[in-house]
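Residue numbers (our numbering): 19 to 725.
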């Protein structure tokens, strides 16, 4: 009972001293073949005096004039871009940074990616900054994602602004007088985000391999996940099957952020990925799989993962293509690819045209090859029907995209050396997305508002024309624009396959776009993903938050690739009237079978050409690969034990000095008293006739005390 009481008292005392900062996301450390990037605290965390940064002058005072440091800078996203370089240039007085986002103070730019994303994995003929214009693609980028930051950084979203109010209240009570802080109790913050990895990927992987022999502790893991692919018609391995030429249509799944678990990627990746998914679903309805024998050409959609970190997913596909090993079930030759169409970053311009039904896009191509020209003409015609302006750009300076992987790895694999390619983006010269690969590239950045329209019992979606007619949506809505772009892409691809224009009425639905965007930007507990989930025995409820689109580590595959693949299977696959046992027993060449929950959550057998392949850099497959060579991506992620933050009032030092002086005074007094007693022991301890005996005993006692 006494033990429980003591523990209870200790917990109460701890709560009185420290107040946890809940909901924060920490900057963490990643490494590549040459250096480490990101943040780490010391093993015991970083402690600093709170300094609220309300303007540039506060940051200048912290960097140059503060006297009670080190300090913990608390800064809003609106000011972060303006003050970070000042703090980075003078790190001695900074213990860390706590960034908070206030949605009423949205910054004009906020990107921790570099000015030239993935520049060391880009095609040598593509220059950034451009030789002709001098423009860098991501002009607002701070490059923090690629730099070694000397202190920890935490991020608080707008939903956690009460934590900032708590810190601000503490700051105003104890720290508001910046001139007279020394020697006083001060409001302080402790950030803990200690990272185990250091130096570079080669060193941390070597340490992990060494520690595995002694203890199960690793210090880093290679970045990686899964790619998703889906073909219009099944492709079967073997010479007896005619090898159709293939149009490859690609987009990226992932995005990046400086902070753990915060990677929304709305404009960076989600809008492009959703457009590609919807184009696949639409074309699958225009040309049923049962008609595959009627056509000479095929289409393969592929979603790459890990593109934010030197194109991990596309490098792996290009590497496997070169070896004749992709896709594994029926490998393609490079000569089988007649055209590569990539839907790149197309979401940044949506906010610029919220009051306009138009959506200006650009089609980049390195050269005017015949397959490229044919597709562009078909695409231009289809886009013009939906108020989409598509401007061709023939230039060797391609924006950051997966096409760079194919150029670098496969340029010598065709007889002509030609790689017909088209890149669809929303920018010319510089990104339209001011929040590229950051925590603020969210639904607000693309103007998405969820309409929450009921889906039919068998997955029926309301046509776009009906939604506009009944006033549920407008021509200016992002859902309508994406559905029209997906329809235009599907019609251009139809002409690639069939050799003639599509004359039917099928079109992508803005209702489906609404649901897909909500799944990736709003909540994983959405209708689509619940229907597309594995029909397992567990009924564990999915998270109500949006899935972070960061690629993660290869040892722990994430959910976005599975979500995207299952959506393709559910929406473009064929439903079979089989139970689970019979479904799991199916084994047909060129086809996969999945037992998904279905729209009524009772389970449904889906037959599809969709499948997954590993998105792991070839650098981690090639024996004795030179990590510093720069040929393939070498990114790894550090292991960490815990991440947390707390606020407290640190002692001012006066109490400690008083205690020290009191202790020194007591010691001096005791020494003086002992000395005096020894000098006057005969007088102090003499009593009557027994004085001599007492003197002897007292002397012994005093000697003992002195000893």
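In this text, a Cβ means the ideal position worked out from N, Cα and C, and glycines have one as well.
Nearest by alpha-carbon distance to residue i: which of the options is it?
i: residue 201; options: 700, 686, 668; result: 668
i: residue 118; options: 89, 66, 178; result: 178
i: residue 335; options: 518, 268, 192, 501; result: 268
i: residue 599; options: 623, 610, 619, 590; result: 623
i: residue 425; options: 456, 638, 385, 442; result: 385
i: residue 251; options: 280, 241, 239, 302; result: 302
i: residue 116; options: 94, 635, 104; result: 94
i: residue 127; options: 553, 605, 459; result: 459
i: residue 291; options: 701, 270, 305; result: 270
i: residue 462; options: 124, 41, 55; result: 124
i: residue 122; options: 175, 318, 155, 289; result: 175
i: residue 411; options: 440, 392, 481; result: 440
i: residue 148; options: 565, 77, 447; result: 447
i: residue 184; options: 164, 198, 205; result: 205
i: residue 199; options: 181, 376, 220, 86; result: 86
Spatial neighbours of residue i within its chain, please: CB distance less than 7 Å, with the 5 preceding and 5 following residues excluded, ordered by chain position.
i: residue 729; result: Missing from the structure shown is residue 729; the chain here goes from 19 to 725 and no further.
i: residue 714; result: Because residue 714 sits at a pLDDT of 47, beneath the cut-off of 50, its placement in the model cannot be relied upon, and the point is left open.
i: residue 506; result: 397, 400, 401, 404, 406
i: residue 203; result: 192, 667, 668, 669, 670
i: residue 428; result: 336, 339, 340, 352, 437
i: residue 387; result: 436, 438
i: residue 277; result: 43, 44, 45, 173, 457
i: residue 97; result: 71
i: residue 468; result: 532, 536, 540
i: residue 324; result: 241, 242, 243, 272, 330, 331, 569, 633
i: residue 88; result: 66, 111, 112, 113
i: residue 281; result: 273, 274, 275, 566, 567, 568
i: residue 348; result: 253, 254, 255, 608
Around the Cβ of residue i, are there at least 16 other Cβ atoms within 10 angstroms (buried) or fewer (exposed)?
i: residue 499; result: buried
i: residue 274; result: buried
i: residue 658; result: buried
i: residue 51; result: buried
i: residue 724; result: Only weak support is given to the placement of residue 724: the predicted model assigns it a pLDDT of 42, under 50, and the value that follows is read from those uncertain coordinates. Result: exposed.
i: residue 687; result: exposed
i: residue 314; result: exposed
i: residue 693; result: exposed
i: residue 19; result: Interpretation of residue 19 is limited by its pLDDT of 45, a score under 50 that renders its predicted location unreliable; the figure taken from the coordinates is listed afterwards. Label assigned to residue 19: exposed.
i: residue 454; result: buried
i: residue 342; result: exposed
i: residue 552; result: exposed
i: residue 610; result: buried
i: residue 258; result: Any reading at residue 258 needs caution, since the residue's pLDDT is 44, under 50, leaving its predicted position unreliable; the model's value is listed next. It counts as exposed.
i: residue 684; result: exposed
By the DSSP assignment, the alpha helix (DSSP H) with residue i in it spans what residues?
i: residue 538; result: 528-539
i: residue 178; result: Run containing residue 178: none; DSSP gives neither H nor E here.
i: residue 561; result: Taken as a continuous stretch (DSSP letters only), residue 561 belongs to no alpha helix (DSSP H), as it is neither H nor E.
i: residue 601; result: 598-603
i: residue 396; result: 388-402
i: residue 425; result: 421-428
i: residue 483; result: 482-487
i: residue 47; result: Where residue 47 is concerned, there is no enclosing alpha helix (DSSP H), although the beta strand (DSSP E) it sits in stretches over 47-49.
Report all residues from its chain with a CB closer than 8 Å to the CB of residue i; omit the five preceding and five following residues, and keep chain order.
i: residue 664; result: 36, 37, 38, 39, 207, 208
i: residue 161; result: 130, 131, 132, 133
i: residue 305; result: 250, 313, 512, 515, 516
Residues in the same chain with beta-carbon distance under 6 Å from residue i, minus the five sequence neighbours each way, listed in chain order, please.
i: residue 398; result: 408
i: residue 237; result: 214, 215, 222, 225, 226, 657
i: residue 525; result: 505
i: residue 444; result: 364, 366, 367, 379, 450
i: residue 57; result: 45, 167, 170, 171
i: residue 590; result: 298, 299, 302
i: residue 422; result: 140, 141
i: residue 452; result: 127, 158
i: residue 328; result: 136, 139, 651
Where does the unbroken beta strand (DSSP E) through residue i begin, and where does it stop?
i: residue 205; result: 204-210
i: residue 243; result: 242-249
i: residue 37; result: 36-38
i: residue 383; result: 379-383
i: residue 369; result: No beta strand (DSSP E) contains residue 369, which DSSP labels as neither H nor E.
i: residue 291; result: First-last for residue 291: 289-304, but that is the alpha helix (DSSP H), not the beta strand (DSSP E).
i: residue 118; result: 112-118
i: residue 612; result: 610-614
Taking contact to mean 3 or more Cβ pairs, one atom from each stretch, closer than 8 Å, check whether the segment 541-550 and the segment 582-601 are in contact.
Cβ pair count under 8 Å is three or more, so yes.
Per the contact definition of three or more C-beta pairs closer than 8 Å, is the segment 102-116 in contact with the segment 53-69?
yes
With three or more C-beta pairs closer than 8 Å as the rule, is the segment 71-86 touching the segment 100-110?
yes
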